[in-house]
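So the structure is just underneath, and the comments pick up after that.
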Amino acid sequence: MSATVRRRIVSPCIAICTIDATSGLCRGCKRTAAEIGRWISMTHEERERIIAELPARPDPTSVTV
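So the sequence shown is numbered by our numbering: it starts at 10 and just counts up by one.
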């Protein structure tokens, strides 16, 4: 009998919590306001998906208009 151990996925928040008006992403963690608000109630799979997407998201501190 094998048991699957899943690590808890912690929030990527780095305490720089400002949503960029242009991109809609947090300047610290690159999540949307909706993702930040739902994080605590998301499933493990939802959190994994978001964490996997973060590196490909634009850097909200360097977005120019």
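By construction, the Cβ of each residue, glycine as well, lies at the ideal position given by its N, Cα and C atoms. Predicted model, so just to flag it, every value in this text is computed and none were measured.
Contact belief for residue i with residue j at Cβ below 8 Å, rounded distance in angstroms
{"i": "THR70", "j": "ARG36", "result": "5 Å"}
{"i": "ILE18", "j": "ILE60", "result": "6 Å"}
{"i": "ILE28", "j": "ALA43", "result": "Not confirmed; about 10 Å, so no contact."}
C-beta atoms of residue i and residue j nearer than 9 Å
{"i": "TRP48", "j": "ARG58", "result": "no"}
{"i": "PRO21", "j": "CYS38", "result": "yes"}
Collapsed DSSP secondary structure at residue i in the structure displayed
{"i": "ILE25", "result": "coil"}
Contact set for residue i: own chain, Cβ-Cβ below 7 Å, skip 5 residues either direction
{"i": "CYS26", "result": "CYS35, GLY37"}
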